[in-house]
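Chains as they are written, first to last, in the numbering used here: chain A, 93 to 330; chain B, 36 to 324; chain C, 10 to 354.
Glycine residues also receive a C-beta, built at the ideal position from the N, C-alpha and C atoms.
Please read these numbers as outputs of a predicted model, since none were measured by experiment.
To keep things clear, I will list the structure first and then write my remarks on it.
In structure tokens, the structure reads:
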């Protein structure tokens, strides 16, 4: 059974629809990439799945349960977590306080301590900067904090909105390496990215969204195919 | 000495009022004019139940204020979420006037009074100085409450969620913070704080009429703006400053003391000129409202 | 529309201006002629209308709240009232025994005094606006309250420049509905033109996006300041009118009740348009009059409801909150007058 199922989803802001008829499914332990030109609605898609935006029509279900139209705080408890664009860490709070907040959406609080230790192992920077103000961390460190925070709610599906934004190449490699570990731990991952190459070669499958609709589905091998990528992005007949 | 104590006492009272306002503002971006009516109802209840032991009278007042606060949230403010601070502010203005008129209909337009906590009048001798009991008690109470609030905000889960929601409500929800529960809690706490303020004021000024809490609320609102509206500390500080200055003005202006408010407002304007974001903010920082 | 006189007004639609004018004109004349008390009610309503228009031009376009306009009305009313009250009264009234001597002889023609009222209102708004507009929307709103409080406290206690907490007597009254009506019409035209002018558009741009506006070369502070000053002048006009309808100047008349009432009128009508200001004033005045009748135990068209005193304000407050809950853009839904609804948006 698919872990995350999106069917004929349409969403937008106010009277303006941004996404039309989006459908895809995600299996446990798999990763899905989402690419497309700027402003096409990739962030909107993630926000809609995470509950920040109410869909206009369509179905979203997590492990067979409908989550479309539910509140974000309930969707987190159901096992889906979003790492928002720009990280959105609480810069006035300490690293540890940020992590504590991540535990808010955790259903099984008895395993909180273990979970905390796990993310700290995954991202040692959380230990070394435990009591520092989160706003003092570098971009890459903040990204690690944001991911850890989202992981603490014990999600079965982790959504990431442009995790590589503003990060140096080596840092990006590091973060994506950690994402591989996370996926290996049976958390399914959906990544929205600007860097088409990066995510296409990384994810099990990548969908290309253009003009509000899915135009193409790519496999990791396709990442080397410049021609294919360009066609998918710019719609010159795929 | 008494003047300093008075100033601290008034400052503390205003700090509590400002804190109540700041709590709700933090999570909802709502400037709640109706907070005045929470203070007023607390005072009314205390006066009307004055034959009961003080502690029961106060608990009743606090309960009423808290319930009223929660009702206003459930019926009005919840439906206005997302409409913007201006609309919510006007709504709170309307709610405030509506409640004032309701009090007029229920309690009458003439003041109700009773000697609440008469043991607080009078003075004691401490180290050769004569100080009023009420100012001592007020200062002690406000210090205790402020410390308790500080603990709540800095060391409890609720406080952490409040701080997070004040900084970034959307992201807090994405992490699982239950927005409705949090907002209702803020209103409840603000109701309790309002009850304390109502109690403190009614001891000194036992004439309760529908506009009882209006003065302090307006000044406390001004206070949170000059203190720094985006942090609870800033709000409390701003409230304290306003109360402190007002008290000193009253004491030292002599005959010109009727103009105390004018001087106060002038001082406020000057502070805002220098620090538009409030005293605790960095220079020229503006809150994006 | 290529009409040289209207160069610069790009969204001017004659019907949007004409209909409100006609409505106000017709209603004022017909109702004002029905009885003496109704004439007074219409006169007061027209004063309120000008104030609501003043609020609309600033709040509606900038999105910044102001609770301070009562102060500008207060000043305008003071200027107009002081300079038209009879010298004999100023010199002898008990409330004015400490009056600064030059003020006793201070005397202008009524219309001149109203012009001065506008100037005074605009001036005070300009001065206070110079620093108020540096503040962000919310802080500015609260700070405007401080301005109102300042003026109220000052005038309430000062007996050198005015009657303090008492009333200034013997201010000449308007002879009928026509004078305030004429002034209201001028105000309506002014506000409409401002709304459709480039200042209006720039101001609305700052309301929509605080970050984008400067990128377009719009100085947020400057544009807000201009609007604030102009609306202050209109508030001054409102005060100047009020004082000649009431025949007296009393500081309480321009404080919280006035502020609340005019704000309620604006919100209920719809703060985004001049038509909203007109509709709001009309509706709230009408409802208020009916409620007043019932409060007084009278019947209207056979219907009589016993209302206790104070219920009227409660109902208006409840209507304000109710309107915000139902439709925060007010009865006019943020639009100027439209002949028909062209597309259902």
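| Asked | Found |
| --- | --- |
| Same chain, Cβ closer than 8 Å to residue 159 of chain C, five either side skipped, listed in chain order | 80 |
| Residues in the segment 193-214 of chain B having any Cβ partner in chain A nearer than 8 Å | 195, 196, 198, 199, 202, 203, 205, 206, 207, 208, 209, 210, 211, 212, 213 and 214 |
| Beta-carbon spacing of residue 96 of chain A, residue 280 of chain A below 8 Å | yes |
| Contact list for residue 184 of chain A against chain B, beta-carbon separation under 7 Å | 202 |
| Straight-line gap, residue 284 of chain A to residue 248 of chain A (C-alpha atoms, nearest Å) | 17 Å |
| Beta-carbon proximity check, residue 135 of chain A vs residue 165 of chain A, cutoff 8 Å | no |
| Coarse secondary structure for residue 254 of chain A, derived from DSSP in three states | coil |
| Closer than 8 Å to chain B by CB, residue 161 of chain A | no |
| Check whether residue 62 of chain C and residue 78 of chain C have beta carbons under 8 Å apart | no |
| Unbroken alpha helix (DSSP H) run spanning residue 165 of chain A, endpoints | 164-170 |
| Residue-level contact to chain C via CB, residue 239 of chain B, 8 Å cutoff | no |
| Buried versus exposed call for residue 190 of chain A [16 or more other C-beta atoms within 10 Å across all chains shown] | buried |
| Option in A:111, A:167 and A:205 with minimal Cα separation from residue 101 of chain A | A:111 |
| Contacts that residue 273 of chain A makes with chain B (C-beta to C-beta distance below 9 Å) | Near residue 273 of chain A there are no residues of chain B at all, since even the closest Cβ is about 22 Å away, more than 9 Å. |
| Check whether residue 230 of chain C and residue 142 of chain C have beta carbons under 8 Å apart | yes |
| Residue 260 of chain B versus B:53, B:180 and B:198, residue with shortest Cα-Cα distance | B:53 |
| Exposed unless 16 or more other CB atoms sit within 10 angstroms - verdict on residue 23 of chain C | exposed |
| Contact check, residue 296 of chain A vs residue 154 of chain A, beta carbons under 8 Å | no |
| Where the beta strand (DSSP E) containing residue 111 of chain A begins and where it ends | 108-118 |
| Spatially closest choice to residue 194 of chain C from C:300, C:334, C:21 and C:60, by CA coordinates | C:60 |
| Amino acids of chain C, ordered along the chain, whose beta-carbon sits closer than 8 Å to that of residue 12 of chain B | Shown here, chain B extends from 36 to 324; a query on residue 12 of chain B therefore has no answer. |
| Beta carbon proximity, residue 180 of chain A to chain B, threshold 8 Å | yes |
| Validate contact between the segment 329-345 of chain C and the segment 277-288 of chain C using beta carbons, cut 8 Å, 3 pairs | yes |
| Simplified DSSP state of residue 217 of chain C, which is helix, strand or coil | helix |
| Inter-residue spacing [alpha-carbon to alpha-carbon] between residue 336 of chain C and residue 111 of chain B | 13 Å |
| Contact list for the segment 118-139 of chain A against chain B, Cβ threshold 8 Å | none |
| Uninterrupted alpha helix (DSSP H) stretches inside the segment 268-326 of chain C (no shorter than 4 residues) | 283-304 |
| Proximal residues, the segment 45-69 of chain B versus chain C, C-beta separation under 7 Å | 66 |
| Residue ranges of each beta strand (DSSP E) within the segment 105-147 of chain C, 3 or longer | none |
| Closer than 8 Å to chain B by CB, residue 156 of chain A | no |
| Entirely enclosed alpha helix (DSSP H) segments - the segment 170-252 of chain A, minimum 4 residues | 187-194, 204-214, 217-220 and 231-243 |
| CB contact below 8 Å: residue 42 of chain C versus chain F | Within the model displayed, chain F is absent; protein chains A, B and C are what it includes. |
| For residue 42 of chain B and residue 375 of chain B, the rounded distance between their alpha carbons | Nothing in the structure corresponds to residue 375 of chain B, since chain B is present only between 36 and 324. |
| Chain C within 8 Å of residue 137 of chain B, Cβ atoms only | yes |
| Buried versus exposed call for residue 274 of chain B [16 or more other C-beta atoms within 10 Å across all chains shown] | buried |
| Neighbour flag for residue 337 of chain C against chain B, beta carbons, 8 Å | yes |
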